[in-house]
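Colleague: Below you'll find the structure I mean.
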């Protein structure tokens, strides 16, 4: 990988190689101690072997500390994660799928050490808290900011990429959770742009990544517009990262 974060060779085979992770997860009680090595902490905690694996499934099950999310996947290790919001099948109270994260989902992300979450649609965002405070296992108070930006708006997408860059370059920050309703389409679009920007993923490789992570919900003709957005994306030179940083966070 070059200093600009773009590779001179194909990177897709690398993405298909499973990451070697420790078999046991770090407990929430060890969060503060693990934060200096954020990448190692979250890699061990979520034990996601690649960018296709899920920590919560389509029903929001699989990792109680992330309840409130759906189809939770990694984008950049310890930096950015993607998924949906668990509303329609939520055991604490069901509501329409077209909604932001439930409040207990925001609390869980806050307790997990996330810095910010982005809701990628506008529908009903006005009903959601814009920040969530929680207590860490040691009793300290921390805060999660809950923002709304759309990856279909180029200025908004740039702002998200800039925040990802800031998270990469500041080890003291917690990771980001980028979510739509199901964890398939809008979150896949911004994730594909992130992988193109910071990991050198090629255009067609990024489209293939988007398609695979829709869990088969990609047949409608209207989705070709998303694929074209991914193809048209050009990385921003001012958001370049070093080879060392890319090697640490990219799958």
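Numbering (this note's numbering), first residue to last: 7 to 257. We treat Cβ as the ideally placed atom computed from N, Cα and C, and that holds for glycine.
1) Under a Cβ-count criterion, where at least 16 other Cβ atoms within 10 Å of its own Cβ denotes burial, should residue 39 be classed as buried or exposed?
2) Terminal residues of the continuous beta strand (DSSP E) containing residue 193?
3) Is the CB-CB distance between residue 101 and residue 93 below 8 Å?
4) What do you reckon, are the CB atoms on residue 256 and residue 82 nearer than 8 Å?
5) Inspect the CB distances between the region 118-132 and the region 214-221 and report whether three or more fall short of 8 Å.
6) Quick check on the DSSP output: what are the complete alpha helix (DSSP H) runs of length 4 or more inside the region 32-97, in order along the chain?
7) Go ahead and pull the three-state DSSP assignment for residue 242.
8) Contact check, residue 189 vs residue 90 under 8 Å by CB: the rounded distance?
9) Ignore the nearest five residues each way along the sequence and tell me which others in residue 183's own chain have a CB closer than 6 Å to its CB.
10) Can you find the residues in the same chain that come closer than 7 Å, C-beta to C-beta, to residue 61, ignoring five residues on each side of it along the sequence?
11) Could you work out which residue in 227, 193, 233 is closest to residue 212 when comparing CA atoms only?
12) Given a cut-off of 8 Å on the beta-carbon distance, is the pair residue 245 and residue 168 in contact?
13) Check residue 182 in the structure and name its three-state DSSP category.
14) For the structure I just gave you, are there three or more beta carbon pairs, one from the region 168-182 and one from the region 138-147, closer than 8 Å?
15) How big is the Cα-Cα spacing for residue 157 and residue 186?
16) Tell me where the alpha helix (DSSP H) around residue 161 begins and ends.
17) The alpha helix (DSSP H) spanning residue 215 covers which residue range?
18) Compute the Euclidean distance between the alpha carbons of residue 202 and residue 209, then round it to the nearest angstrom.
19) Thinking residue 75 and residue 57 are a contact (beta carbons under 8 Å), I'd like their distance in whole angstroms, please.
20) Considering Cα atoms alone, identify which of 252, 141, 225 is closest to residue 204.
21) Distance check for residue 127 and residue 162, CA to CA, integer angstroms please.
22) Quick check: what's the CA-CA separation for residue 96 versus residue 129?
23) So, are the CB atoms of residue 198 and residue 215 less than 8 Å apart?
24) When the distance is taken between beta carbons, is residue 84 closer than 8 Å to residue 47?
25) Leaving out five residues on either side along the sequence, give the residues of the same chain with a beta carbon under 6 Å from the beta carbon of residue 237.
Modeller: Based on what the coordinates show:
1) Indexing the chain shown from 1 puts residue 39 at position 33. Annotation note: pLDDT 39 at residue 39 (below 50); position unreliable, coordinate value reported separately. The residue in question, residue 39, is exposed, as its Cβ has fewer than 16 Cβ neighbours within 10 Å.
2) Residue numbering aside, residue 193 sits at position 187 when the chain shown is read from its first letter. Note, residue 193: premise wrong, no beta strand (DSSP E); alpha helix (DSSP H) at 192-205.
3) Position 95 of the chain shown holds residue 101. Position 87 of the chain shown holds residue 93. It is a contact, given that the beta carbons lie within the stated cut-off.
4) Taking the chain shown and counting its residues from 1, one reaches residue 256 at position 250. Taking the chain shown and counting its residues from 1, one reaches residue 82 at position 76. In this structure, residue 82 lies closer than 8 Å to residue 256 by Cβ.
5) no
6) 37-40, 44-52
7) In the chain shown, counting from the first residue as 1, residue 242 sits at position 236. Coil, per DSSP.
8) The residue you call residue 189 lines up with position 183 of the chain shown. The residue you call residue 90 lines up with position 84 of the chain shown. Indeed they touch by this definition, with Cβ atoms about 3 Å apart.
9) If you number the chain shown from 1, residue 183 lands on position 177. Hits under 6 Å: 87, 115, 120, 123.
10) Start at 1 with the first residue of the chain shown, and residue 61 comes out as number 55. So the qualifying residues of the chain are 52, 54, 68, 69, 72, 78.
11) Counted from its first residue, the chain shown places residue 212 at position 206. Considering only alpha carbons, the answer is 233.
12) Taking the chain shown and counting its residues from 1, one reaches residue 245 at position 239. Taking the chain shown and counting its residues from 1, one reaches residue 168 at position 162. Their beta carbons are under 8 Å apart, which means residue 245 touches residue 168 by this criterion.
13) Position 176 of the chain shown, counted from the first residue, corresponds to residue 182. Correct three-state label for residue 182: strand.
14) no
15) Here residue 157 is taken as the residue at index 151 of the chain shown, counted from 1. Here residue 186 is taken as the residue at index 180 of the chain shown, counted from 1. Going by the C-alpha atoms only, they are around 10 Å apart.
16) Position 155 of the chain shown, counted from the start, is the residue given in the question as residue 161. Here the alpha helix (DSSP H) through residue 161 covers 160-175.
17) Along the chain shown, one-based indexing puts residue 215 at 209. Segment 209-218, the alpha helix (DSSP H) holding residue 215.
18) By 1-based counting over the chain shown, the position of residue 202 is 196. By 1-based counting over the chain shown, the position of residue 209 is 203. So the alpha carbons of these two residues sit roughly 8 Å apart.
19) The count along the chain shown starts at 1 and reaches residue 75 at position 69. The count along the chain shown starts at 1 and reaches residue 57 at position 51. Wrong, their Cβ atoms sit about 16 Å apart, outside the cutoff.
20) If you number the chain shown from 1, residue 204 lands on position 198. Nearest option by C-alpha distance: 252.
21) Reading the chain shown from its first residue, position 156 is the one you call residue 162. Reading the chain shown from its first residue, position 121 is the one you call residue 127. Using only the alpha carbons, I get a separation of about 11 Å.
22) Taking the first residue of the chain shown as 1, we reach residue 96 at position 90. Taking the first residue of the chain shown as 1, we reach residue 129 at position 123. Rounded to whole angstroms, residue 96 to residue 129 spans 18 Å at the Cα level.
23) Counted from its first residue, the chain shown places residue 198 at position 192. Counted from its first residue, the chain shown places residue 215 at position 209. Contact flag set, yes.
24) Taking the chain shown and counting its residues from 1, the one referred to as residue 47 is at position 41. Taking the chain shown and counting its residues from 1, the one referred to as residue 84 is at position 78. Contact flag set, yes.
25) Locating residue 237 in the chain shown gives position 231, where the first residue counts as 1. Only 209 meet the Cβ criterion.
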